[in-house]
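**Student:**
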Amino acid sequence: MTRSTPLRSDAAAGAPRGASRNPSHPAKAGWSFVKPSVIPGFGLTFGYTILYLSLIVLIPIAGLFLKAATTPLEQIIRIATSPRTLKALEVSFGSSLIAALVNVFFGVIVAWVLVRYKFPGRRLLDAIVDLPFALPTAVAGIALSTLYAPKGWIGSLFSDKGPLWQWWHAQTWLPLGLNEFSLNFKIAYTPTGIVIALIFIGLPFVVRTVQPVLEEFEQELEEAAATLGANRWQTITSVILPRLTPALLTGFALAFARAVGEYGSVIFIAGNLPNISEIAPVLIVIKLEEFDQAGAAVIAGIMLIIAFVMLLVINLIQAWARRRFGNV
Amino acid sequence: MFEPEVVYDSRRVIPPADHARPTTERPWVRRLLIAIAIAFMALVLVLPLVLVFTEAFRKGADAYFASFSDRQSQQAIYLTLLVAAIAVPLNLVFGVAAAWCVAKYEFWGKSFLTTLIDLPFSVSPVVSGMVYVLLFGAQSALHPLLKAYNIEIIFAVPGIVLATIFVTFPFIARELIPLMQDQGNTDEEAALSLGATGWQTFARVTLPNIKWGLLYGVLLCNARAMGEFGAVSVVSGHIRGKTTTMPLDIEILYNEYNFTAAFAVASLLALLALVTLVFKTILEFRFGDELAGTRRH
Amino acid sequence: MDIRVDTVRKEFSHYPALNDVSLDIRSGELIALLGPSGSGKTTLLRLIAGLEMPTAGRIYFGDEDASSKTVQERNVGFVFQAYALFRNMTVLDNISFGLSVRPRATRPPKAEIRRRALELLDLVQLTGLEKRYPQQLSGGQRQRVALARALAIEPRVLLLDEPFGALDAQVRKELRKWLREIHDRTGHTTVFVTHDQEEALELADRLVVMSQGKIEQVGTPDEVYDKPNGPFVFSFIGESSSMPVTVENHEIWVGGRAIGLPAPHDAIGEAVLFFRPHDVELVEDGSGAALAGVVAASRRVGGTRRVELEVGGNPNRVEIDLPFDHPAGEKTRIAFRPKRWRVYPKG
Numbered sequence: 001m002t003r004s005t006p007l008r009s010d011a012a013a014g015a016p017r018g019a020s021r022n023p024s025h026p027a028k029a030g031w032s033f034v035k036p037s038v039i040p041g042f043g044l045t046f047g048y049t050i051l052y053l054s055l056i057v058l059i060p061i062a063g064l065f066l067k068a069a070t071t072p073l074e075q076i077i078r079i080a081t082s083p084r085t086l087k088a089l090e091v092s093f094g095s096s097l098i099a100a101l102v103n104v105f106f107g108v109i110v111a112w113v114l115v116r117y118k119f120p121g122r123r124l125l126d127a128i129v130d131l132p133f134a135l136p137t138a139v140a141g142i143a144l145s146t147l148y149a150p151k152g153w154i155g156s157l158f159s160d161k162g163p164l165w166q167w168w169h170a171q172t173w174l175p176l177g178l179n180e181f182s183l184n185f186k187i188a189y190t191p192t193g194i195v196i197a198l199i200f201i202g203l204p205f206v207v208r209t210v211q212p213v214l215e216e217f218e219q220e221l222e223e224a225a226a227t228l229g230a231n232r233w234q235t236i237t238s239v240i241l242p243r244l245t246p247a248l249l250t251g252f253a254l255a256f257a258r259a260v261g262e263y264g265s266v267i268f269i270a271g272n273l274p275n276i277s278e279i280a281p282v283l284i285v286i287k288l289e290e291f292d293q294a295g296a297a298v299i300a301g302i303m304l305i306i307a308f309v310m311l312l313v314i315n316l317i318q319a320w321a322r323r324r325f326g327n328v
Numbered sequence: 001m002f003e004p005e006v007v008y009d010s011r012r013v014i015p016p017a018d019h020a021r022p023t024t025e026r027p028w029v030r031r032l033l034i035a036i037a038i039a040f041m042a043l044v045l046v047l048p049l050v051l052v053f054t055e056a057f058r059k060g061a062d063a064y065f066a067s068f069s070d071r072q073s074q075q076a077i078y079l080t081l082l083v084a085a086i087a088v089p090l091n092l093v094f095g096v097a098a099a100w101c102v103a104k105y106e107f108w109g110k111s112f113l114t115t116l117i118d119l120p121f122s123v124s125p126v127v128s129g130m131v132y133v134l135l136f137g138a139q140s141a142l143h144p145l146l147k148a149y150n151i152e153i154i155f156a157v158p159g160i161v162l163a164t165i166f167v168t169f170p171f172i173a174r175e176l177i178p179l180m181q182d183q184g185n186t187d188e189e190a191a192l193s194l195g196a197t198g199w200q201t202f203a204r205v206t207l208p209n210i211k212w213g214l215l216y217g218v219l220l221c222n223a224r225a226m227g228e229f230g231a232v233s234v235v236s237g238h239i240r241g242k243t244t245t246m247p248l249d250i251e252i253l254y255n256e257y258n259f260t261a262a263f264a265v266a267s268l269l270a271l272l273a274l275v276t277l278v279f280k281t282i283l284e285f286r287f288g289d290e291l292a293g294t295r296r297h
Numbered sequence: 001m002d003i004r005v006d007t008v009r010k011e012f013s014h015y016p017a018l019n020d021v022s023l024d025i026r027s028g029e030l031i032a033l034l035g036p037s038g039s040g041k042t043t044l045l046r047l048i049a050g051l052e053m054p055t056a057g058r059i060y061f062g063d064e065d066a067s068s069k070t071v072q073e074r075n076v077g078f079v080f081q082a083y084a085l086f087r088n089m090t091v092l093d094n095i096s097f098g099l100s101v102r103p104r105a106t107r108p109p110k111a112e113i114r115r116r117a118l119e120l121l122d123l124v125q126l127t128g129l130e131k132r133y134p135q136q137l138s139g140g141q142r143q144r145v146a147l148a149r150a151l152a153i154e155p156r157v158l159l160l161d162e163p164f165g166a167l168d169a170q171v172r173k174e175l176r177k178w179l180r181e182i183h184d185r186t187g188h189t190t191v192f193v194t195h196d197q198e199e200a201l202e203l204a205d206r207l208v209v210m211s212q213g214k215i216e217q218v219g220t221p222d223e224v225y226d227k228p229n230g231p232f233v234f235s236f237i238g239e240s241s242s243m244p245v246t247v248e249n250h251e252i253w254v255g256g257r258a259i260g261l262p263a264p265h266d267a268i269g270e271a272v273l274f275f276r277p278h279d280v281e282l283v284e285d286g287s288g289a290a291l292a293g294v295v296a297a298s299r300r301v302g303g304t305r306r307v308e309l310e311v312g313g314n315p316n317r318v319e320i321d322l323p324f325d326h327p328a329g330e331k332t333r334i335a336f337r338p339k340r341w342r343v344y345p346k347g
């Protein structure tokens, strides 16, 4: 193997002591599990990492798949295709999709404003972006639920005969009696409420992936576009946004993945009505409470597989972006 | 040239106000975008936070503080601190070991290992709790054995600790791995060449280099450990005064329509979140270089 | 298109980067802005482009006052040191960009844009690479694409900011020659910034030597090299030796001895003598008025030997070139007289 030769000469030139201390390491026949290094402690740290990882994460997750796998196939299919399961998955994925899209739109604006403009309170705004990472989901859940409940600060605006309703009904100039059209938004205890909660928890993922890319964006590219005659809008759409695309996709995928599994901030505002505002994690909890472990394991298995796929997609996006744009 | 002041005036260029710099937007666009960003953040992030404190103090300070005289709430605070005190140090040791092994060596399957370390981030908290229910719960194969030795895990404190460790598992490793990769091996190689042992190298060279990143990871890990809800909820059994942490206590109080108490307990956790954010911002501001590569995730 | 820079001043947060600079650039000439970093050369280039707006002063393109025009309106071709190619576009899309962002009224049809872009690709000798992405090209190729992209908009002036700064020495030399050819073929007024005097001397019709936000000298390479108008230009362009001298009675004196060089008519008092190390003649020691010193160090430089001389106990050594086979060793005494020199008043 050509790779082992320069390696060995490196070691001999750079660290003669280490090299002589580890006479057994020089790559035999081209393949060794770990590249030889003078730094001690690989065995200890690698062993501990694997042990701890296995005990805490891998074995329990394997147990879950074992449980799902030992369930008879027709039962799996019955659980997976029951209308309630399908509806819960639909609510979970649908709301997550909408919330992640909203977050991409506003997340880019927030990241842009934070990176590009100087204004009073910028640092504060920057710090607050991380609030959803730090604020426990249960706290966010009861706060959002109270805020958007029919009597809450925001919920009351939209409720029946609320200020918005009254404003709308005052617009008598509208044709076709549009103003008589019912305008009764209920946010809490509906899928809309779920989306609100998922927007809350997903925002930092988009902002924090887009922000560093914008920070490292070479201003020369914008200047080049300007000297070539492009106006600001053309520069943004054809030079800046294409470069942000990988970060946008990654941020979207992260926000989406987080939203699909979210539990604490959703359950209070969602109302958890079966077939209407019941998300998949809630259904898992209900199955567990009913001692239907097989049912819970199957739904959890579906969600885990989707989470794996999301992780894979994120990694692929990043690999693609690195190939396409160099270091992004 | 006859009137110098006029000449001077003719030289003074008033830059075209709208496009003084080619790499920014017109002022009204800038103002609009800033307004959208602030309004969105205020509506989505700040308003809920403000609401927590207003609701907590709605019935006055006395009612607020009375919420904590309740023995069950005190127990919840105690249990939350206990869980974090166990979970964070364990994950700290793991995080350092994992970062050392991933950052300092090239080995086969390394990227797979880092993906596995990240795994708990992408697992629903409910599933994180549930895997332990399947493993140790009443229907599991291990249950008879645990029962024989009188060990309680599910619906007891050990289960809560395990679930918390699971969900906070990657935090410290995630902060340290990119940081230690950026720093490379040269410092350690220099120390070794000067005759230091492995432990001396770690304690006197590596640790000082990563201390701020480590602190940063511990902060995030702790915030999540104290605030975890979904995973803990599944394994706890909600036995008031025994297996409820603060987030679970909030849920119980809220569902009992005891809003003042619920928001009072919530305000403590919100305060913890704010303190975490302040420390995080200070760390980023003061030691940004030493957190390089870890800032965003 | 000739360009007139009229007493332009540029301040960055009250620190003047350019101090009332005036410069006339003739139509079709290739002119170099040369100076050490911080001399304001890039600022001047960016002001001409409209990437910065002057604090005071005006810039004319021909007879037209361009000062208040935006960069988009000025129609300049700008080439950046780090290429600034759009990584999300192919080579062809990069070159077509300037034409395709024009407003509909002046935008050529698609086929025409493509034809012109391919033609330019041909001009920069990259035929066949139109479907590549910038990251798939070498540094030299990228800079050629950047130039083609700048030429595509039929600019009124071509501005290049350290265009070869990021390339290695070999490619640099090739591109230098090639840029000259392109310039001669297309006839664009071209301004380029460099800190490499060799590049400036070889490439430019005229040089603008800048220092600390001011223009020191403007002239052809010969003028600037042979008749530097001050100590800064003398020592910045080409190799130079200097030593403190006294001027009296139309003669130059060192340590109380005349050294056989006539001084310009009006100078008197303390001064500094400048000459080129290779532009000296050796004289027999003691055979008359000359500079004499003791060899303190010597080293081989290419085809000659460079020696450092201590002249008359002066702590600053002067350097002169000797034939490589000259027998002088350490402590040898050598007498010489500069063939061409300048004296500038001290300070």
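Residue numbers (this note's numbering), protein chains in the order written: chain A, 1 to 328; chain B, 1 to 297; chain C, 1 to 347.
C-beta: ideal position from N, C-alpha, C; glycine also.
(1) Using a Cβ-Cβ distance cut-off of 8 Å, determine whether arginine 243 of chain A contacts chain C.
(2) Taking only three categories from DSSP, how would you classify leucine 273 of chain C?
(3) Using beta carbons (cut-off 8 Å, strictly below), is arginine 21 of chain A in contact with chain C?
(4) Please name the residues in the stretch 133-145 of chain C whose beta-carbon is closer than 8 Å to at least one beta-carbon of chain A, in chain order.
(5) Using alpha carbons as the reference points, say which of B/Tyr78, B/Lys110 and B/Phe121 lies closest to leucine 311 of chain A.
(6) Can you pull the chain C residues whose beta carbon is under 8 Å from the beta carbon of proline 22 of chain B, in chain order?
(7) Can you pull the chain A residues whose beta carbon is under 9 Å from the beta carbon of phenylalanine 169 of chain B, in chain order?
(8) Give the secondary structure of tyrosine 189 of chain A by DSSP, where H, G and I count as helix, E and B as strand, and everything else as coil.
(9) So for phenylalanine 287 of chain B, helix, strand or coil by DSSP?
(10) With DSSP as the reference, label methionine 130 of chain B as helix, strand or coil.
(11) For glutamate 218 of chain A, does the three-state DSSP call read helix, strand or coil?
(12) Taking Cβ positions only, does leucine 288 of chain A come closer than 8 Å to chain B?
(13) Phenylalanine 336 of chain C lies in the alpha helix (DSSP H); which residues open and close that run?
(14) Just to confirm, is the Cβ distance from leucine 158 of chain C to threonine 194 of chain C under 8 Å?
(15) Quick check on the DSSP output: the beta strand (DSSP E) that includes valine 318 of chain C runs from which residue to which?
(16) Work out the CA separation of glycine 241 of chain B and proline 144 of chain B for me, nearest whole Å.
(17) Under 8 Å, Cβ to Cβ, is there at least one residue of chain A near alanine 204 of chain C?
(18) Pick from A/Ile314, A/Ile305 and A/Asn275: whose alpha carbon is nearest that of proline 83 of chain A?
(19) Which of the three DSSP states, helix, strand or coil, is assigned to serine 156 of chain A?
(20) Comparing the C-beta of arginine 102 of chain C with each C-beta of chain A, is any distance below 8 Å?
(21) Of all the residues that make up the stretch 97-112 of chain B, which are near chain A by a beta-carbon distance shorter than 7 Å?
(22) What are the partner residues of phenylalanine 61 of chain C, as DSSP defines its beta bridges?
(23) Quick check: what's the CA-CA separation for leucine 123 of chain C versus alanine 258 of chain C?
(24) Using beta carbons (cut-off 8 Å, strictly below), is aspartate 292 of chain A in contact with chain B?
(25) Taking 8 Å as the CB-CB limit, is leucine 64 of chain A close to chain B?
(26) Hey, does glycine 251 of chain A have any beta-carbon neighbour from chain C nearer than 8 Å?
(27) Quick check on leucine 298 of chain B - is its C-beta less than 8 Å from some C-beta in chain A?
(28) In terms of DSSP beta bridges, what is tyrosine 344 of chain C paired with?
(29) If you count every other CB in all the chains shown that lies within 10 Å of the CB of valine 260 of chain A, and 16 or more means buried, which is it?
(30) To the nearest angstrom, how far is the alpha carbon of alanine 88 of chain A from that of leucine 214 of chain B?
(31) From the beta carbon of asparagine 315 of chain A, is the nearest beta carbon of chain C less than 8 Å away?
(32) Are the CB atoms of valine 282 of chain A and isoleucine 269 of chain A nearer to each other than 8 Å?
(33) For alanine 27 of chain A and glutamate 310 of chain C, I'd like the C-alpha separation in whole angstroms.
(34) Confirm, please, whether the CB-CB distance from valine 224 of chain C to isoleucine 215 of chain C is below 8 Å.
(35) If you follow the beta strand (DSSP E) that asparagine 249 of chain C is part of, which residue opens it and which one closes it?
(36) Taking all protein chains shown into account, decide if valine 8 of chain C is buried (16 or more other Cβ within 10 angstroms of its Cβ) or exposed.
**Tutor:** Taking the coordinates as given:
(1) yes
(2) strand
(3) The predicted position of arginine 21 of chain A is uncertain, since its pLDDT is 42 and thus under 50; no value can be drawn from it.
(4) Tyr133 and Gln135
(5) B/Phe121
(6) Gly50, Leu51, Thr70, Val71 and Gln72
(7) Tyr52, Leu53, Ile56 and Val57
(8) coil
(9) Phenylalanine 287 of chain B: helix per DSSP, three-state reduction.
(10) helix
(11) coil
(12) yes
(13) Per DSSP, phenylalanine 336 of chain C belongs to no alpha helix (DSSP H); it is in the beta strand (DSSP E), 333-338.
(14) no
(15) For valine 318 of chain C, the enclosing beta strand (DSSP E) begins and ends at 318-323.
(16) 27 Å
(17) no
(18) The candidate whose alpha carbon is nearest that of proline 83 of chain A is A/Asn275.
(19) helix
(20) For arginine 102 of chain C, the closest Cβ of chain A is nearer than 8 Å.
(21) Ala97, Ala98, Trp100, Cys101, Lys104, Tyr105, Glu106, Phe107 and Trp108
(22) C/Ile3 and C/Glu64
(23) C-alpha separation (whole angstroms): 60 Å.
(24) No, no contact with chain B.
(25) yes
(26) no
(27) With chain B running from 1 to 297 in the structure shown, residue 298 of chain B is simply not present.
(28) Residue pairing by DSSP places tyrosine 344 of chain C opposite C/Val272 in a beta bridge.
(29) buried
(30) Between the C-alpha atoms of alanine 88 of chain A and leucine 214 of chain B there is a straight-line separation of about 40 Å.
(31) no
(32) no
(33) In this prediction, alanine 27 of chain A scores a pLDDT of 44, lower than 50, which makes its location untrustworthy; no coordinate-derived value is stated.
(34) no
(35) Here asparagine 249 of chain C belongs to no beta strand (DSSP E), and DSSP marks it neither H nor E.
(36) buried
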